[in-house]
Amino acid sequence: MPTRIPEVTKGLLVGALLLLGGCGNCNLLSSGNSFGCKAGLAAGVVVLAPVALASNAMDAHRDRAREADNLKLLKQGDPLMTARCVIRCDLPDKLDKATDMALYRGSVDKVIAWWGDHPLPTQKPVLMVAFLRKAAPLMDSDPAQAERWLRKAAALSVDPETGASLSSTEFAANTWSMGSYTDAVQDIQSALMALRYKGIPGRAADQGALTERCQAIAAWPPTWLAEPREKVAARNALQTACRSAYSRQFHTYRLDDDRPVVEGILDPIDPVPPQ
238 MPTRIPEVTK GLLVGALLLL GGCGNCNLLS SGNSFGCKAG LAAGVVVLAP
288 VALASNAMDA HRDRAREADN LKLLKQGDPL MTARCVIRCD LPDKLDKATD
338 MALYRGSVDK VIAWWGDHPL PTQKPVLMVA FLRKAAPLMD SDPAQAERWL
388 RKAAALSVDP ETGASLSSTE FAANTWSMGS YTDAVQDIQS ALMALRYKGI
438 PGRAADQGAL TERCQAIAAW PPTWLAEPRE KVAARNALQT ACRSAYSRQF
488 HTYRLDDDRP VVEGILDPID PVPPQ
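Under the numbering used here, the first residue of the sequence shown is numbered 238, with each subsequent residue one higher.
Here you go:
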């Protein structure tokens, strides 16, 4: 029985023969191509367009299958998928917002419950982010509790084991870039500065925290910016945190030269006790 050549393959062969018969240097941008060139290019477009559409459809199908598998594992309490959801959930788009948020917040709570007291080194980057996520919705409703979670996050940021594990695949720390982790520690510091400025139950407001100085709180710099050669980067990251806290509090991005002090102070206010 003769071998049957698929229609797509036939089209590609026809296009190739037309190209060879027409010219050896067809140019998509040229208006002077021969009939053979034009026919070959047209055949290529006719054949390749359906192929591209089919490829896109296959990619979309694989994405949907992966997202469905992720959702199943997450609901089963898979540690790796739970950790990944703290960093960045990869779930089906069809989920409604309430379900999506419930899965995300549940992942944050599980990571803290599982690893909060005695984390492995490779769990520390995700746990740091989980502490930050836990604090965020409490900033207004329970500022004292928010500060408690933020200080835990800050303590992990200066733990050398955290920095050494940022690229680990064991608990999905590698799904975030170094820049994203730096953004996270800036958010930690920005939130701590805001709470310092406004005060919490049991501690009076310290308005100088935003209007008179730019100073780290609890713990700084993060371990990946702690080397002497990274001092400028650490200072710049702290400045960004100060500006973010100031702009959110006063609803402006314009800072006077002395509010807060431009260069910043790397020594933290009220540092966390040694671990």
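Just so you know, even glycine gets a beta-carbon here, dropped at the ideal spot from N, CA and C.
Residues bridged to residue i by DSSP?
{"i": "Q382", "result": "Q382 pairs with nothing; no bridge assigned."}
{"i": "R325", "result": "Paired residues: none, contrary to the question."}
{"i": "R440", "result": "I437"}
Shortest alpha-carbon distance to residue i belongs to which of the options?
{"i": "Y483", "options": "A455, A391, L503 and K435", "result": "K435"}
{"i": "A367", "options": "A320, E449, G439 and A409", "result": "A320"}
{"i": "R480", "options": "Q423, P458 and W457", "result": "Q423"}
{"i": "L387", "options": "L475, A455 and Q313", "result": "A455"}
{"i": "L475", "options": "I425, Q382, V509 and Q486", "result": "I425"}
{"i": "A373", "options": "S402, K347 and R342", "result": "R342"}
{"i": "I502", "options": "V509, W457, R485 and Q486", "result": "W457"}
{"i": "R450", "options": "P438, P380, P505 and L364", "result": "P505"}
{"i": "L340", "options": "N411, T412 and L328", "result": "L328"}
{"i": "L364", "options": "V509, E398 and Q452", "result": "E398"}
{"i": "A410", "options": "A453, L310 and M318", "result": "M318"}
{"i": "V509", "options": "A453, V469 and T412", "result": "A453"}
{"i": "V389", "options": "S402, I349 and T406", "result": "It is Lys, not Val, that sits at residue 389 in the sequence shown. Nearest C-alpha to K389: I349."}
Quick check: is the beta carbon of residue i nearer than 8 Å to any beta carbon in chain E?
{"i": "D507", "result": "Among the chains in the structure shown there is no chain E, since it carries only a single protein chain."}
Expressed to the nearest angstrom, what Euclidean distance is found between the alpha-carbon atoms of residue i and residue j?
{"i": "Y316", "j": "D507", "result": "With the sequence shown as reference, residue 316 is identified as Pro, and Tyr is not the correct amino acid for it. Taking the straight line from one Cα to the other gives about 34 Å."}
{"i": "L369", "j": "T419", "result": "13 Å"}
{"i": "A441", "j": "G416", "result": "34 Å"}
{"i": "W461", "j": "L357", "result": "18 Å"}
{"i": "R433", "j": "E467", "result": "26 Å"}
{"i": "L429", "j": "R472", "result": "17 Å"}
{"i": "V323", "j": "L447", "result": "30 Å"}
{"i": "N264", "j": "L393", "result": "Any reading at N264 must be qualified, since the residue scores a pLDDT of 48, below 50, and its modelled position is unreliable; the value itself is stated next. Roughly 58 Å between the two C-alpha positions."}
{"i": "W352", "j": "H488", "result": "37 Å"}
{"i": "K312", "j": "P459", "result": "33 Å"}
{"i": "S427", "j": "G314", "result": "32 Å"}
{"i": "R485", "j": "S378", "result": "17 Å"}
{"i": "K347", "j": "H355", "result": "14 Å"}
{"i": "A391", "j": "M376", "result": "16 Å"}
{"i": "K334", "j": "D306", "result": "19 Å"}
{"i": "L308", "j": "T336", "result": "11 Å"}
{"i": "T406", "j": "T412", "result": "8 Å"}
{"i": "S402", "j": "L332", "result": "32 Å"}
{"i": "V469", "j": "L310", "result": "42 Å"}
{"i": "A516", "j": "A421", "result": "Nothing can be reported for residue 516, as the shown portion of the chain is limited to 238 through 512."}
On the DSSP letters alone, give me the boundaries of the alpha helix (DSSP H) that residue i sits inside.
{"i": "P397", "result": "P397 to A401"}
{"i": "D504", "result": "It is not in any alpha helix (DSSP H) - D504 instead sits in the beta strand (DSSP E) that spans I502 to I506."}
{"i": "I425", "result": "M415 to K435"}
{"i": "M365", "result": "K361 to A372"}
{"i": "M338", "result": "K334 to W352"}
{"i": "T448", "result": "G445 to T448"}
For the beta strand (DSSP E) that residue i lies in, which residues bound it at each end?
{"i": "A471", "result": "Note, A471: premise wrong, no beta strand (DSSP E); alpha helix (DSSP H) at K468 to F487."}
{"i": "A453", "result": "Q452 to I454"}
Classify residue i: buried if its beta carbon has 16 or more other beta carbons within 10 angstroms, exposed otherwise.
{"i": "R325", "result": "exposed"}
{"i": "S404", "result": "exposed"}
{"i": "V345", "result": "buried"}
{"i": "H298", "result": "Summary for H298: the model assigns pLDDT 49, below 50, so the residue's position carries little reliability; its value from the coordinates is reported in the next sentence. H298 is exposed by the Cβ-count criterion."}
{"i": "Q444", "result": "exposed"}
{"i": "E464", "result": "exposed"}
{"i": "M338", "result": "exposed"}
{"i": "E384", "result": "buried"}
{"i": "K361", "result": "buried"}
{"i": "F408", "result": "buried"}
{"i": "T359", "result": "buried"}
{"i": "K371", "result": "buried"}
{"i": "A478", "result": "buried"}
{"i": "D396", "result": "buried"}
{"i": "A431", "result": "buried"}
{"i": "G400", "result": "buried"}
{"i": "S414", "result": "exposed"}
{"i": "P438", "result": "exposed"}
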